[in-house]
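Q: Residues in the sequence shown are numbered from 185 upward in steps of one, following my numbering. Before I ask anything, here is the structure I am working with.
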Amino acid sequence: MNELTYTRCGDYYIPDLKLSEQPEAPIGKYGRMRRRYLKEHRPGLYSSLILSEKLYPHLLEIDRAAHERMDAMLPRMMEAAGVTEELKARDPMCWVGLMNTLKVQARK
């Protein structure tokens with residue numbers, strides 16, 4: 185069993201706890217959205233993930249999965265909407281407008 189060490193702070197003994205090293209990768213938009221959701225709507229799970237040091241890897245995985253899903257959906261949506269390289273060459277402004285619309289739809 186691991187021996188805990190304590191530091192005296194006034195009349196109290198506070199355990200000397202250290203967190204393990206976490207990856208340096210930044211959490212993206214979808215990871216931050218997931219963290220907010222867990223904090224506001226699933227506080228028990230949020231606390232459990234924090235205490236087990238699994239929150240950060242969980243948020244990175246959610247962000248990665250969301251980006252993969254968007255990357256997979258966008259080409260199919262482009263094909264269904266008729267957004268092609270030919271349209272891009274013929275009418276760039278129409279192409280940009282359609283692409284922006286498709287990106288917004290994919291985010292939802």
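Glycine is no exception: its CB is placed at the ideal position from the N, C-alpha and C atoms.
Relative to the C-alpha of residue 203, which candidate in 219, 189, 284, 236 has its C-alpha closest?
A: Numbered from its first residue, the sequence shown carries residue 203 at position 19. Nearest of 219, 189, 284, 236 to residue 203, Cα basis: 236.
Q: I'd like the span of the beta strand (DSSP E) that includes residue 199, first residue to last.
A: Here the question's residue 199 lines up with position 15 in the sequence shown. Here the beta strand (DSSP E) through residue 199 covers 196-199.
Q: Short check: CB of residue 282 to CB of residue 256, under 8 Å?
A: Within the sequence shown, numbered from 1, the residue matching residue 282 stands at position 98. Within the sequence shown, numbered from 1, the residue matching residue 256 stands at position 72. No.
Q: Could you tell me the boundaries of the beta strand (DSSP E) in which residue 192 lies?
A: If you number the sequence shown from 1, residue 192 lands on position 8. Segment 190-193, the beta strand (DSSP E) holding residue 192.
Q: Specify whether the segment 206-224 and the segment 240-255 touch according to this definition: at least 3 beta carbon pairs, one from each stretch, less than 8 Å apart.
A: Enough Cβ pairs lie closer than 8 Å, so yes.
Q: Would you mind giving the Cβ-Cβ distance between residue 244 and residue 209, rounded to the nearest angstrom? I have them listed as a contact below 8 Å.
A: Here the question's residue 244 lines up with position 60 in the sequence shown. Here the question's residue 209 lines up with position 25 in the sequence shown. Rounded, the Cβ-Cβ distance is 6 Å, consistent with contact.
Q: Return the first residue and the last residue of the alpha helix (DSSP H) that residue 289 is part of.
A: Here residue 289 corresponds to residue number 105 of the sequence shown, with the count starting at 1. 276-291 is the span of the alpha helix (DSSP H), which, as asked, contains residue 289.
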